[in-house]
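The structure under discussion appears below in the form of structure tokens.
Protein chains in written order, with my numbering: chain A, 165 to 725; chain B, 165 to 725.
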């Protein structure tokens with residue numbers, strides 16, 4: 165590696181994930197302030213919430229700062245295939261256009277995403293083998309094998325002329341991860357010997373005291389539990405956890421049950437896993453239609469929808485709306501998953517529906533059928549002991565996680581610890597680490613097929629439409645005398661009087677009010693569309709508030725004839 | 165008590181709360197099937213959720229079945245003043261019109277509600293003393309003192325010629341409730357001696373193994389914690405828990421801090437408590453404006469908003485938008501409350517905001533600063549041991565709670581246990597308990613100031629408006645030639661192209677599409693408003709889906725001139 169030049173700096177810039185769990189986008193820059201070269205590490209999404217962002221499908225980090233420097237972006241490097249690390253690539257790549265590097269399983273899933281977005285031929289995607297190395301300008305990157313809840317989780321040892329940054333990505337310490345190797349302790353110890361300038365580290369479970377636990381424990385329990393089940397068994401798990409999927413398959417095999425995959429992403433992940441050599445020696449699956457011919461005690465359904473997503477397989481099964489899968493008295497559903505905060509009501513709705521039909525439930529509440537993929541406090545301590553960084557930079561968390569992680573780093577006597585916010589440009593070297601700039605950062609949204617800004621007025625309008633409804637008043641005004649020649653006609657949406665007739669009366673009232681407001685306009689105002697609209701809107705709004713106790717959006721359409 | 169007549173039956177009918185936590189409405193009927201007399205016990209609300217019911221303020225049990233029998237309703241009896249037990253009275257009383265009975269604190273809060281709804285002079289509200297008795301037709305009702313998380317929680321011992329029903333209402337076993345007496349064990353034991361036909365019982369915490377814990381423990385810890393705080397202290401708690409409020413006041417006093425009440429419902433509940441003789445010997449409060457003149461170590465703010473409600477005091481303080489209360493580095497916020505499922509994100513948002521400013525947080529996650537008001541499994545067992553009912557009827561819970569409660573009752577060898585659904589009419593006597601009918605039950609909504617049915621189309625329209633937006637096309641058609649003489653004019657709401665100019669182009673495109681669709685109509689279709697609308701709606705919808713990848717609501721306003 166060449167020596168650092170006098171004005172060189174090594175900087176770290178999180179644009180997503182430092183302030184929320186999800187939507188990770190991290191960048192490292194190297195060079196003098198006016199001529200940095202960049203690599204991007206991960207580029208993920210989070211999901212819109214119906215209560216605050218109705219109709220928004222995906223939330224992405226705003227890449228504007230990097231987009232303006234895209235000539236200087238050498239690479240986009242992906243640590244692993246979870247949506248919060250790769251999900252934004254298909255949307256943001258056209259604005260960044262850098263080559264992409266990933267290990268085989270991540271690359272397999274990414275290819276499908278790129279295909280969906282019509283980008284497969286455009287993106288230069290290079291597969292890196294596990295424990296591979298990548299030399300990109302001033303960056304020399306080792307892929308370090310870790311364990312997590314998806315195949316091929318990699319940390320990145322990023323060497324630069326100004327020092328080595330250990331970027332963990334998402335990890336836990338699983339002594340027996342079932343698929344893939346265990347944590348590459350040797351690499352971590354070697355790194356520490358070499359000297360780690362900074363560790364940029366997962367903070368998700370900093371409030372969890374003990375270890376995450378091992379996938380192999382879950383496998384044992386699933387085998388035990390499924391062996392005891394009498395009727396049909398359905399297991400729901402996060403599809404991307406291939407080790408878990410394999411465990412369910414092995415539990416089925418041990419109990420002489422044939423596995424039926426239910427749900428699109430189950431098929432997608434199993435396909436991707438098999439394409440890179442995983443899940444090879446497993447019994448054949450049965451398809452949904454054929455599964456109905458099996459005796460109840462000979463089938464195991466492996467389903468998506470553990471979070472109660474209304475359109476996922478499990479919700480349809482719970483509502484008894486699934487074409488092929490019917491669960492009833494004596495059958496069992498195993499939730500080999502956790503409750504993601506915010507999904508309680510939906511998941512409890514599933515529980516209620518299944519219990520109502522006499523279906524037995526096994527959940528992580530009282531059975532060890534799930535383990536987290538992120539490091540608890542003990543594991544974090546172990547990682548600091550291995551890597552011995554001079555600087556701790558917690559990422560991947562809300563403010564409370566990052567702040568707590570800084571406290572932990574101080575406890576562990578790490579020389580320096582900084583909890584960055586998205587957009588904080590941190591100089592890691594030379595000199596002590598410091599936030600040297602705040603660059604534009606934020607969220608953008610995938611709304612249908614359009615990418616929009618967080619501040620887009622359409623979003624506040626939609627929230628208001630959802631809560632308050634809409635009124636439209638159309639009227640035709642004569643070109644000569646400027647009097648009403650047709651209408652005003654009122655249309656309402658999302659507003660009820662609880663009774664059809666009363667609603668008709670309310671519409672009549674709105675039309676009367678609009679007409680009255682028009683009649684009070686001066687002659688010159690009547691010639692002015694904007695004046696007509698403003699006055700009628702005001703009057704109709706007031707009337708609506710009286711009628712419904714609500715503040716609907718009111719539009720007036722003036723036609724001049 | 166007179167003897168039962170040959171055809172007499174005693175029935176129980178839950179219309180709310182058996183299938184959800186919240187919105188309790190229970191009724192007891194006595195008499196022959198065609199001539200029953202009814203009492204209603206509790207009449208509560210639950211709250212609308214922005215994700216599934218945007219804009220709906222309150223959710224109420226549908227009272228139709230009882231409304232149709234309102235001549236035979238002798239009384240509405242309230243067990244305690246929580247919203248999920250009294251909140252619907254102001255909305256549903258006009259449809260039921262029965263006299264209301266409650267203990268003094270409940271009556272005090274109810275009066276305010278009735279005043280808001282203009283019903284204070286109409287409702288006959290009778291105050292019953294604690295441990296009082298009420299004779300109503302075939303029902304002879306003892307108010308039995310219990311403990312809960314609000315003053316004056318009463319169970320009802322309902323005697324009828326066909327047996328005694330023990331209706332617990334909400335309860336826990338608090339050996340030192342601080343305000344009010346402890347659980348009236350003597351009354352419970354006496355009831356058991358007399359023979360309890362059925363116990364209708366709270367199921368909220370049936371999945372919680374241990375005891376709820378005592379308010380007095382929380383008081384001790386609050387006093388200890390506040391004593392150690394250095395800067396300003398804010399305590400947030402459910403306002404209706406007057407014992408907790410008193411604990412915070414005493415913790416302040418012990419630490420030489422003056423209490424400042426922040427938030428309307430804090431003032432309201434403290435007022436109601438004082439009006440019935442509680443919170444008498446407490447130091448004077450300081451008002452918000454004056455509080456700013458106190459030294460930080462001499463003030464304690466008692467705030468509403470523990471659930472992260474965006475408009476409540478605590479959220480405004482967290483966002484630093486409160487006029488008088490400013491918290492900063494070195495100050496402390498104590499969440500003497502629990503996280504109600506579904507509110508995680510909002511509450512964690514508060515945590516993040518406070519931590520960001522260096523404010524210390526004390527929460528029930530790691531400090532014993534909150535106890536539940538509902539009985540854990542141990543307490544349920546104790547209650548069954550006391551009351552020894554022949555029939556267990558779990559209420560106040562989702563299906564999963566009620567089903568688990570039935571399992572518990574079977575474990576305890578209760579002769580019979582039934583988990584009712586809202587609308588199940590259960591004959592409790594004579595003979596074994598059985599569901600003898602399913603009557604109309606459901607939810608209705610307070611939407612603005614209108615009460616609407618759950619199936620009201622306005623609600624699905626609003627959900628769609630919120631997610632997909634709205635388009636209106638107005639056009640004027642000449643009366644003679646049936647050609648377009650003005651328009652079509654497109655208006656969109658809640659739809660963005662990410663760019664003003666592109667939105668203009670999209671509007672032009674919609675207008676072109678509408679015009680094109682009109683031009684393809686036959687002459688006779690052009691004369692028919694419905695045909696014009698249907699065809700234009702179809703064409704514009706398709707165009708919108710292409711432009712935005714969304715399915716907005718499309719309306720076409722045809723004006724004939």
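Every residue, glycine too, gets a C-beta built ideally from N, C-alpha and C.
Sequence-distant residues of its chain with Cβ nearer than 7 Å to residue 185(B) (five each side left out): Excluding residues up to 5 positions away in sequence, 368, 560, 561 and 562 lie with their Cβ nearer than 7 Å to the Cβ of residue 185(B) in the same chain.
Q | Among 698(B), 202(B), 200(B) and 371(B), nearest to residue 529(A) - alpha-carbon criterion | A | Residue 371(B) is the option with its Cα nearest to residue 529(A).
Among 173(A), 189(A) and 168(A), whose alpha-carbon lies nearest the alpha-carbon of residue 159(A)?
Residue 159(A) lies beyond the stretch modelled for chain A, which goes from 165 to 725, so this question has no answer here.
Around the C-beta of residue 604(B), are 16 or more other C-beta atoms found within 10 angstroms, so that it is buried, or is it exposed? So residue 604(B) ends up on the exposed side.
Within its chain, find whatever has a CB closer than 8 Å to the CB of residue 347(B); leave out the 5 residues flanking it on each side and keep chain order. Short of 8 Å from the beta carbon of residue 347(B), and not among the five residues preceding or following it, lie these beta carbons of its own chain, in chain order: 309, 310, 311, 335, 337 and 338.
Tell me whether the beta-carbon of residue 234(B) lies closer than 8 Å to the beta-carbon of residue 261(B). Cβ distance < 8 Å, so residue 234(B) and residue 261(B) count as in contact.
Practice problem: With residue 722(A) as the anchor, note down where its beta strand (DSSP E) starts and where it stops. | Solution: Here the beta strand (DSSP E) through residue 722(A) covers 717–724.
Give me the Cα-Cα distance between residue 663(B) and residue 641(A), rounded to the nearest whole angstrom.
Just so you know, the alpha carbons of residue 663(B) and residue 641(A) end up roughly 31 Å apart.
Does the region 392–404 of chain B come within contact of the region 208–217 of chain B, defined as at least 3 CB pairs closer than 8 Å?
With the cut-off at 8 Å, the region 392–404 of chain B and the region 208–217 of chain B do not touch.
Q: State yes or no: is the beta carbon of residue 512(A) nearer than 8 Å to at least one beta carbon in chain B?
A: Yes, because at least one Cβ of chain B sits closer than 8 Å to the Cβ of residue 512(A).
For the region 622–639 of chain A against the region 242–258 of chain A, do three or more pairs of beta-carbon atoms, one drawn from each stretch, fall closer than 8 Å, so that the two count as touching? Under the Cβ criterion (8 Å, minimum of three pairs), the region 622–639 of chain A does not count as touching the region 242–258 of chain A.
| task | Note down, one range per segment and in chain order, each alpha helix (DSSP H) of at least 4 residues found wholly within the region 482–523 of chain B. | result | Whole alpha helix (DSSP H) segments, 4+ residues: 508–520.
- Query: Does any residue of chain A bring its CB to less than 8 Å from the CB of residue 696(B)?
  - Reply: Not one chain A Cβ lies under 8 Å of residue 696(B).
Q. When the cut-off is 8 Å and only beta carbons count, does residue 470(B) lie next to chain A?
A. For residue 470(B), the answer is no, since every Cβ of chain A falls outside 8 Å of its Cβ.
Legend entry - Runs of beta strand (DSSP E) wholly within the region 200–240 of chain A (minimum 3 residues, chain order): Whole beta strand (DSSP E) segments, 3+ residues: 201–207 and 222–225.
C-beta atoms of residue 361(B) and residue 327(B) nearer than 8 Å | Contact flag set, yes.
Okay, do the region 407–423 of chain B and the region 521–528 of chain B touch, 3+ Cβ pairs below 8 Å being the bar? The answer is no - the region 521–528 of chain B does not touch the region 407–423 of chain B, with fewer than three Cβ pairs under 8 Å.
Give the residues of chain B in contact with residue 649(A), contact being defined as C-beta atoms less than 7 Å apart.
Per Cβ cutoff of 7 Å: 725.
Residues near residue 695(A) by beta carbon distance below 6 Å, same chain, minus five either side = Once the five neighbours on either side are set aside, the close Cβ partners of residue 695(A) are 689.
- Message: Counting beta carbon pairs with one atom in the region 605–625 of chain B and one in the region 219–233 of chain B, are three or more of them shorter than 8 Å?
- Response: Judged by Cβ distances under 8 Å, the region 219–233 of chain B makes contact with the region 605–625 of chain B, as three or more pairs qualify.
Exercise. What in chain B is Cβ-close to residue 520(A), meaning under 8 Å?
Worked result: Per Cβ cutoff of 8 Å: 563 and 567.
| message | Restricting to Cα atoms, I'd like to know which of 468(A), 418(A), 487(A) and 273(A) is closest to residue 447(A). | response | The shortest C-alpha separation from residue 447(A) is found at 418(A).
Measure the alpha-carbon distance for residue 676(B) versus residue 659(B) and round it to whole angstroms. Straight-line Cα distance between these residues: approximately 18 Å.
* Asked: Among the residues of its own chain, which have a CB less than 6 Å from the CB of residue 486(B), if the five just before and after it don't count?
  -> Excluding positions up to five away in sequence, the list reads 480.
Closer than 7 Å by C-beta to residue 380(A): which residues in its own chain qualify, once you throw out the five before and the five after it? Chain order, please.
Only 340 and 342 meet the Cβ criterion.
According to a CB-to-CB cut-off of less than 7 Å, which residues of the region 483–516 of chain A neighbour chain B? Across the region 483–516 of chain A, CB contacts with chain B closer than 7 Å involve 505, 506, 508, 509, 512, 515 and 516, in sequence order along the chain.
What are the partner residues of residue 190(A), as DSSP defines its beta bridges?
Looking at the DSSP output, residue 190(A) sits in a beta bridge with 178(A) and 205(A).
Tell me which residue opens and which closes the beta strand (DSSP E) that residue 445(B) is part of. Annotation for residue 445(B): no beta strand (DSSP E) segment contains it, and DSSP assigns it neither H nor E.
Margin query: If you measure between the beta carbons of residue 461(A) and residue 392(A), is that distance less than 8 Å?
Written below: Cβ atoms of residue 461(A) and residue 392(A): not closer than 8 Å.
In the DSSP assignment, what residue or residues form a beta bridge with residue 589(A)?
According to DSSP, residue 589(A) bridges with 601(A).
Just to confirm my understanding: we take residue 533(A), look at its own chain, exclude 5 residues before and 5 after, and list those with CB closer than 8 Å. What are they?
Once the five neighbours on either side are set aside, the close Cβ partners of residue 533(A) are 382, 385, 386, 389, 498, 499, 500, 526 and 527.
Quiz item: How is the alpha helix (DSSP H) around residue 553(B) delimited, first residue to last?
Solution: Segment 553–559 is the beta strand (DSSP E) holding residue 553(B); no alpha helix (DSSP H) there.
Give the secondary structure of residue 318(B) by DSSP, where H, G and I count as helix, E and B as strand, and everything else as coil. The answer is strand: DSSP assigns residue 318(B) an E or B state.
Going by DSSP in three states, residue 335(B) sits in which element: helix, strand or coil?
For residue 335(B), the secondary structure class from DSSP, reduced to helix, strand or coil, is coil.
Requested in this report: Give the straight-line distance between the Cα atoms of residue 566(A) and residue 541(A), rounded to the nearest whole angstrom.
Outcome: Answer to the nearest angstrom: the Cα atoms are 13 Å apart.
| Given residue 238(B) as reference, the closest of 193(B), 225(B) and 282(B) once Cα atoms are compared | Looking from the CA of residue 238(B), the closest CA among 193(B), 225(B) and 282(B) belongs to 193(B).
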